[in-house]
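See structure below.
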Amino acid sequence: MRVNLVTKEDLQDFKTELLEDIKNLFNIKISEQKLWLRSSEVKELLKISTGTLQNLRVSGTLSYTRVGGTLYYNYKDIEKMLNGKG
Numbered sequence: 004m005r006v007n008l009v010t011k012e013d014l015q016d017f018k019t020e021l022l023e024d025i026k027n028l029f030n031i032k033i034s035e036q037k038l039w040l041r042s043s044e045v046k047e048l049l050k051i052s053t054g055t056l057q058n059l060r061v062s063g064t065l066s067y068t069r070v071g072g073t074l075y076y077n078y079k080d081i082e083k084m085l086n087g088k089g
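First residue of the sequence shown: 4, per this note's numbering; consecutive thereafter.
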């Protein structure tokens, strides 16, 4: 019967590789995120109602851009708002 020993260095290497893989997964997810979202997408993302989204616009908490009859929200502005930096 063969026995494999795991050393502290092995565990540290595994930890480093695992953290790097997790960082790469987050970077892929962030790069796939759309830059501009429609109202329906923002409501779904934040799990809020139409009225709540309107209140965020009216109060100036969340900026938006109107193109024709459609409102668009910058994803980075949503992140700032959620992080309290907006």
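Where a beta carbon is used, it is the ideal one built from N, C-alpha and C, also for glycine.
Treat the numbers as computed from the prediction; the structure is a model and nothing was measured.
Euclidean distance between Cα positions of residue i and residue j
i     : j     : result
Val45 : Asp24 : 29 Å
Tyr76 : Leu28 : 25 Å
Asp16 : Arg5  : 22 Å
Thr10 : Thr53 : 56 Å
Thr68 : Glu20 : 41 Å
Lys50 : Thr73 : 20 Å
Burial state of residue i (16 or more Cβ within 10 Å)
i     : result
Leu56 : buried
Leu65 : buried
Leu85 : exposed
Leu22 : exposed
Leu14 : exposed
Leu59 : buried
Leu8  : exposed
Three-way DSSP call (helix, strand, coil) for residue i in this model
i     : result
Val70 : strand
Lys65 : For the sequence presented, residue 65 should be read as Leu rather than Lys. The answer is coil: DSSP assigns Leu65 none of H, G, I, E or B.
Leu56 : helix
Leu21 : helix
Closest by C-alpha distance to residue i, when choosing among the options
i      : options                       : result
Ile81  : Glu20, Leu38, Gly72 and Thr73 : Leu38
Val127 : Thr53, Glu12, Leu14 and Ser42 : Here the chain has residues from 4 to 89 only, and residue 127 is not among them.
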